[in-house]
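Those protein sequences? They're chains A and B, same order as listed.
At position 88 of the first sequence (counting the first as 1) the number is 88 in my numbering, and the numbers step up by one without a gap.
At position 69 of the second sequence (counting the first as 1) the number is 69 in my numbering, and the numbers step up by one without a gap.
Here is the structure we will look at, set down as structure tokens.
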Amino acid sequence: MSKIWTIARREYKQYFTSPAAYAVAAMILLIIGLIFVSEVSSGIDSFGQYVPDVINIIFPISFLFLFAIPAITMHVFSEETNSGTIELLLTAPIRDWEVVIGKWLGAFLFMLTIIGTTWVYPIALNYMIDPGIDQGVLLSGYLGLAFVAGVFVAIGVTISTFFSSQVASFITTMGVFIVMWWLIPIPARLGGTAWAELMNYLDFNSHFAATLAIGTIALSDIVYFVSVITFALLVGTVSLETRRWR
Amino acid sequence: MIQVKGLSKDYGSRVAIEDLNFNAKRGEILGFLGPNGAGKTTTMRILAGYMPPSEGKATVAGFDVVEESMEVRKRVGYLPENVPLYGDMTVYDYLKFMADLRQIEEREERIYEAIETVGLEERAFSYIGKLSKGLRQRAGLAQALLHEPDVLILDEPTIGLDPAQIIEFRKLIQNIGKERTVMLSTHILSEAQQVCDRVLIINNGQIVVEDSPENLQARLAGAQQVALRVDGDDDGLDKVLNKVKGVTRVQREKDGSLVIETSSGKDVRPEMARAIIKAKYDLLEMRPVGMSLEDIFLELTRENAGPPELMDDQEYEEAE
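Next up, the structure:
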């Protein structure tokens with residue numbers, strides 16, 4: 001466990017020396033800030049008819065993950081492969097799965113840090129409107145964001161084990177996210193068949209946008225997110241292991 | 001400490017090493033020589049636990065590199081050719097990271113000891129990215145020494161260092177090698193001769209020669225080359241040179257000079273000079289050519305990879 005933590009700590013700290021990480025954090029905070037301002041102004045303008053809602057902050061954050069998380073995870077293994085430091089990790093007395101989990105944890109904690117800073121907006125909103133925002137929705141929405149980030153980071157970290165080029169990692173990761181976000185829901189919406197049922201289960205928006213983001217916390221959704229993270233990291237470990245045979 | 005039996009590795013259709021066999025004892029510095037692509041790095045990676053062999057068995061400190069990889073990794077200090085460093089960390093942070101990964105007790109003590117051994121005291125808190133090539137090499141070595149490994153595997157440790165640094169580095173390795181087993185690869189013959197107790201020459205994935213540097217030098221003295229520059233060079237000159245006793249081959253270089261290969265340890269220069277003058281050619285230049293490692297490989301691999309014949313003592317003395 002302490003080895004995983006050692007890897008995670010180094011990964012986390014590294015983001016604070018990385019311009020890409022700052023750019024991502026700035027992008028998220030800026031865009032969410034703009035959305036917040038427009039939310040608040042439109043909410044006050046149409047007074048009585050429209051009340052600003054935290055969902056209008058939470059959902060855009062999850063959308064920004066599509067671009068932000070590939071930028072955060074693209075370097076994880078690609079850079080190590082490129083600079084040769086992967087040889088250091090793979091010859092240290094640490095198991096491959098410990099490396100993968102440590103890397104994921106470090107990147108995930110960094111994403112949580114960014115997500116955490118966006119709390120200022122709902123908190124501010126809470127003081128601006130009367131009788132305040134729905135605290136339950138805020139909590140479950142942010143829990144949902146954390147799970148979505150966990151899944152996306154796991155996929156991004158795994159994809160970065162495939163490439164020594166960060167650009168290739170970035171583009172592939174974003175491609176996978178786009179498939180998950182827009183393409184899987186299409187057969188899912190058709191409904192009826194077992195195939196559509198399966199797609200509906202795989203569609204993570206049915207576990208986030210339709211539930212956690214609007215204040216429903218269900219065990220089945222949490223199981224879904226945890227199993228997707230586990231599966232992605234398993235693939236990442238296998239990928240790292242097969243690298244030894246190449 | 002290191003035992004290698006029938007070790008082979010192929011990358012798909014390309015064979016990197018084939019049926020390697022060798023041992024190294026505690027306190028021995030083993031030199032691994034070969035041209036680029038000979039299989040040095042592959043062998044060292046297998047021993048360090050980076051990748052498994054395709055066939056054969058290797059043990060380090062009594063542990064199998066595949067079955068007991070974790071035990072092997074705990075006991076090996078490995079410095080890959082492409083020194084693995086994080087440029088965004090200071091030397092101290094980097095070593096602390098490695099010490100934590102290796103779960104070293106008395107962490108601070110070991111870190112400072114390693115920094116002191118490689119002489120990086122003044123730069124311990126500099127960012128690695130800002131260090132010069134030689135200092136980075138030392139930081140990499142400090143990482144390999146951190147956990148006081150039984151076996152130290154260094155892949156081309158002196159590449160990219162300036163001459164003064166190389167001398168210092170060799171001293172350092174010799175000191176370390178007193179208590180530990182060191183295996184280092186290089187393609188500089190003189191380096192292996194100075195530092196190593198035993199030298200393995202590897203070519204095309206196979207061991208060509210295994211011997212002490214002293215014996216190796218003696219073997220190599222058996223084949224010497226002389227470069228000539230002669231005014232009025234023509235075909236007749238070949239005949240003249242070939243008549244000189246001991247000349248085995250005459251070769252023309254692009255720049256107009258001639259390279260003469262001689263077989264025995266006997267110095268053919270006086271006789272050759274006389275022969276050239278006698279045949280009314282003007283001798284402009286004559287100098288012995290030191291054999292490069294590539295020449296040695298050609299020499300060693302020419303007769304079906306068999307080692308060249310050893311000279312007897314008398315010939316050896318003459319050659320000296």
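In this text, a Cβ means the ideal position worked out from N, Cα and C, and glycines have one as well.
In angstroms with no decimal places, state the Cα-to-Cα distance between residue i and residue j.
i       : j       : result
I17(B)  : G39(B)  : 5 Å
F204(A) : M180(A) : 8 Å
L146(B) : A58(B)  : 24 Å
Y12(A)  : L109(A) : 7 Å
K103(A) : L189(B) : 42 Å
K5(B)   : F22(B)  : 7 Å
K243(B) : V259(B) : 15 Å
E214(B) : T158(A) : 52 Å
A26(A)  : L30(B)  : 54 Å
S324(B) : E271(B) : No answer is possible for residue 324(B): it lies beyond the span of chain B, which begins at 1 and ends at 320.
K130(B) : G87(B)  : 8 Å
E253(B) : G156(A) : 57 Å
I184(A) : R95(A)  : 34 Å
D134(A) : T6(A)   : 38 Å
V151(A) : F36(A)  : 26 Å
Is residue i buried or exposed, if buried means 16 or more other CB atoms sit within 10 Å of its CB?
i       : result
G306(B) : Residue confidence is low: G306(B) scores 43 on pLDDT, short of 50, so the model does not pin down where it sits. Its coordinate-derived value is still stated next. Exposed is the call here.
V289(B) : exposed
L20(B)  : buried
V199(B) : buried
P157(B) : buried
Q137(B) : buried
P122(A) : buried
K239(B) : exposed
With a threshold of 8 Å between beta carbons, is residue i in contact with chain A?
i       : result
K130(B) : no
D100(B) : yes
R73(B)  : yes
A61(B)  : no
Y321(B) : Past the boundaries of the shown model lies residue 321(B); chain B is included only from 1 to 320, so the question cannot be answered.
Q103(B) : yes
F22(B)  : no
A48(B)  : yes
P163(B) : no
E320(B) : Here E320(B) scores only 45 on pLDDT, less than 50, and its place in the model should not be relied on; the value that follows carries that caveat. False, the Cβ-Cβ gap to chain A never drops below 8 Å.
D64(B)  : no
Y112(B) : no
Y281(B) : no
P84(B)  : yes
D88(B)  : yes
M1(B)   : no
P308(B) : The pLDDT assigned to P308(B) is 43, lower than 50, so where the model puts this residue is not dependable; a value taken from the coordinates is nonetheless given after this. Taking Cβ atoms only, chain A never reaches closer than 8 Å to P308(B), which makes this a no.
F97(B)  : yes
A16(B)  : no
Kindly give me the distance between the Cβ atoms of residue i and residue j, rounded to whole angstroms, as I take these residues to be in contact under 8 Å.
i       : j       : result
L141(B) : L79(B)  : 6 Å
T90(B)  : S126(B) : 6 Å
G141(A) : V40(A)  : Between V40(A) and G141(A) the Cβ distance is about 18 Å, and since that is not below 8 Å, they are no contact.
I229(A) : A154(A) : 4 Å
I111(B) : L95(B)  : 5 Å
I276(B) : V209(B) : Rounded, the Cβ-Cβ distance is 35 Å, inconsistent with contact.
Would you say residue i reaches chain B, if we count a Cβ-Cβ gap shorter than 8 Å as a contact?
i       : result
Q166(A) : no
E87(A)  : yes
A71(A)  : no
Q14(A)  : yes
L105(A) : no
A154(A) : no
Following the continuous beta strand (DSSP E) through residue i, name the residue where it begins and the one where it ends.
i       : result
R14(B)  : 14 to 24
I153(B) : 151 to 155
Y78(B)  : 76 to 79
R45(B)  : Segment 40 to 48 is the alpha helix (DSSP H) holding R45(B); no beta strand (DSSP E) there.
S185(B) : 181 to 186
D211(B) : 206 to 211
R123(B) : Note, R123(B): premise wrong, no beta strand (DSSP E); not H, not E.
I129(A) : I129(A) -> no beta strand (DSSP E), and no H or E assigned at all.
M159(B) : Inspection of the sequence shows that residue 159(B) is occupied by Ile rather than by Met. From DSSP, I159(B) is part of no beta strand (DSSP E); its letter is neither H nor E.
What span of residues does the alpha helix (DSSP H) with residue i cover, start to end?
i       : result
A164(B) : 163 to 176
D10(B)  : Segment 2 to 11 is the beta strand (DSSP E) holding D10(B); no alpha helix (DSSP H) there.
G215(A) : Careful: G215(A) lies outside any alpha helix (DSSP H) and carries neither H nor E.
F208(A) : Element bounds for F208(A): n/a, residue is neither H nor E.
I361(B) : Because chain B in this structure spans residues 1 to 320, residue 361(B) falls outside the shown range and cannot be described.
T158(A) : 135 to 160
R198(B) : From DSSP, R198(B) is part of no alpha helix (DSSP H) but of the beta strand (DSSP E) over 198 to 203.
R269(B) : 269 to 278
L30(B)  : No alpha helix (DSSP H) holds L30(B); the beta strand (DSSP E) holding it covers 29 to 33.
I72(A)  : 55 to 73
V289(B) : It is not in any alpha helix (DSSP H) - V289(B) instead sits in the beta strand (DSSP E) that spans 282 to 289.
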